[in-house]
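Anchor point for the sequence shown: position 239 equals 262 in the working numbering, and the numbering is continuous, going up by one each time.
Since the structure comes first, as structure tokens, the remarks are kept for the end.
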Amino acid sequence: MNGRRRALVGAATTGAVLTAGAAAVTTVAAAFARAVVTPARHKPDDVDVLQVGPRRVVLGVSADTVVPGRYGVWTDGGRGHLRVGDVLEVTGERVTRKLLGVDAGTAQPGAGRWNQYFFAGTPRSALGLAHEDVLVPSEVGDLPAWLVPAAEPAGTWAVLVHGRGATREEALRALPPLRALGLTCLVPAYRNDADAPSSPARRYGLGDTEWHDVEAACRYALERGARRLVLVGWSMGGAIVLQLVARSPLAGQVAAVVLDGPVLDWYDVLDHQARRHRLPVPLGRYGLSLLGHPLGRRLVGLDGPVDLRRMDWVGRARELEPPVLLLHSDADDYVPSGPSARLAEARPDLVTFVRSGTARHTKEWNVDPAGWEDAVRRFLRTHLDGDPPRGPRPGSEPSGA
């Protein structure tokens, strides 16, 4: 083989290797991005119930089971449910906690699944609160929702929005303090929930699409007598809520926003997740760029491009309009609290930041129920005693935009 031919073969081989390498990188990046937007239907057991006594339960030690506070444990494949309280003792690989109650099934040893919501079931079965199961019409179909009337309605409704991969049960913790303030509560499902219609691609929009469903819930509330709205969101529910107040013509009816462990900057969250999964951050960023690319989003399986830049509320701090209460723990293992601190610093005129240091993701109430409820109560009393709701905001995106 002459020199020229060897050079051509070498160049071709190098090109093939580089092409294969680029393809491999794209495959890994697309897999990372796909995992972010794909609902997880199967939730495996993640805790060992070792012993159950009249007033205590012994669990295997894990990052969750040793944290102070109130939690639940689903047992027997979800057919049983325990509520557990304070940590009494940690010995080796065993943690003993108070047993506060058995809501369903028989309390016995076996595999279980940790329930950060503490409560399980419906407002009626979990809290003894009368509620109505209603359907909210939306662009993807009828969305199931709980309608929980206040004992003494005051004309303000709260719409409660759970996080990514969570269920409406996430909102149960907030119902008693909100009702005590006279707020009628609406707790809707949104697209791609297990009990709700799916989007065509069956993928999350990370707030970029789901806000339309929450807008439909807000419209439902306003059509049934609400004069103003409070929006409450956990985790990705926070991203959904903030897209609504930025893009919906109904935003003028929102008197206040309460966010628990919210996603305020998806880049910050997903950089953190890349590091947790030992993935180079630039590779994770490449995956995120695919979400917004007209061709790359097809590799991920989205209905349309998702623009993460307009979900960066640290960068968009000047655009924030309603008063916001942020409750966020520095020990949050999924959504770092840094963006919450930076947004509070950028907009001290609108943002009240209640920072804590023990709770894991969206478990601030579990660690300190009285503190969480007092913060929400004080914030809402301040902002619901003021001006009447604003009208529709000129230039807001219409529903379906």
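Here a beta-carbon is modelled for each residue, glycine too, at the ideal position from N, C-alpha and C.
Bear in mind that the values here come from a model prediction, so they are computed numbers and not experimental data.
Where the alpha helix (DSSP H) through T405 begins and ends: Here the alpha helix (DSSP H) through T405 covers P392 to L407.
Count Cβ pairs between the segment 250-265 and the segment 184-194 that sit closer than 8 angstroms; are there 3 or more? By the C-beta criterion, the segment 250-265 is judged to be in contact with the segment 184-194, since at least 3 inter-stretch pairs fall below 8 angstroms.
Pick out the complete beta strand (DSSP E) segments inside the segment 327-369, 3 residues or longer, and give them in chain order. Correct list: 347-352.
How many angstroms separate the CA atom of T381 from the CA atom of L318? Answer to the nearest angstrom: the Cα atoms are 42 angstroms apart.
Between which two residues does the beta strand (DSSP E) carrying Y12 extend? The requested residue 12 does not occur in the structure, where the chain is confined to residues 24 to 424.
Terminal residues of the alpha helix (DSSP H) in which V323 lies: Per DSSP, V323 belongs to the alpha helix (DSSP H) from G319 to V323.
L170, buried or exposed, once every other Cβ within 10 Å from all chains shown has been counted against 16: Buried: at least 16 other Cβ atoms inside 10 Å.
Starting from S161, follow its DSSP beta bridges and name the residues at the other end. Under DSSP, S161 forms no beta bridge with any residue.
In this structure, how does DSSP classify L273 when only helix, strand and coil are distinguished? Three-state result, L273: helix.
Exposed or buried, which one is G228 when buried takes at least 16 other CB atoms within 10 Å? That one is buried.
For the beta strand (DSSP E) that contains A127, what are its first and last residues? Where A127 is concerned, the enclosing beta strand (DSSP E) stretches over R117 to A127.
Whose CA, out of L293, N389, A364 and R370, lies closest to the CA of R378? Of the listed residues, the one whose Cα sits closest to R378 is A364.
Nearest chain C C-beta to R102 closer than 8 angstroms, yes or no? The question asks about chain C, but that chain is absent: this structure has only one protein chain.
Identify which residue in T232, L245 and D356 has its Cα closest to the Cα of G178. The shortest CA-to-CA distance from G178 to any of T232, L245 and D356 is the one to L245.
Contacts around L343, its chain only, beta-carbon distance under 6 angstroms, and the 5 residues preceding and following it disregarded: Annotation for L343: R370 and L373 place their beta carbon closer than 6 angstroms to its own, counting only its chain and skipping 5 residues before and after.
Give the straight-line distance between the Cα atoms of V84 and G135, rounded to the nearest whole angstrom. The alpha-carbon atoms of V84 and G135 are separated by roughly 13 angstroms.
Comparing alpha-carbon positions, which option in D109, P199, L73 and L105 lies nearest V90? Minimum Cα distance to V90 is reached at D109.
Closest by CA to D236, which one among P211, L252 and R226? It is P211.
Enumerate in chain order the residues of its own chain whose CB-to-CB distance from V280 is below 8 angstroms, with the five nearest sequence positions on each side excluded. Within the same chain, V253, L254, V255, G256, V264, L265, V268, P345, P346, V347 and L348 come within 8 angstroms of V280 by CB-CB distance, once the 5 residues on both sides are set aside.
Which residues DSSP lists as bridging V264, in chain order: Bridge partners of V264: none, in fact.
For P293, count the other beta carbons within 10 Å of its own beta carbon; 16 or more makes it buried, fewer makes it exposed. Which is it? Per the sequence shown, the amino acid found at residue 293 is Leu instead of Pro. Burial check for L293: the Cβ neighbour count within 10 Å reaches 16 or more, so the residue is buried.
Per DSSP, what kind of secondary structure is L252 in: helix, strand or coil? Correct three-state label for L252: strand.
Cα-Cα separation between R308 and G205, rounded to whole angstroms: In this structure, the alpha-carbon of R308 lies about 44 angstroms from that of G205.
S312, DSSP secondary structure in three states: Correct three-state label for S312: helix.
Cross-strand partners of D283 (DSSP beta bridge): The partner list for D283 (beta bridge, DSSP) reads W257 and L350.
Cβ pair count under 8 angstroms reaching 3, the segment 352-364 against the segment 327-334: Too few Cβ pairs lie closer than 8 angstroms, so no.
Going along the chain, which residues of its own chain have a beta-carbon closer than 6 angstroms to the beta-carbon of A34, five neighbours each way excluded? Reliability of the predicted coordinates at A34 is poor, the pLDDT of 40 falling under 50, and the value obtained from them is presented with this limitation in mind. Cβ neighbours of A34 beyond the five flanking positions: none.
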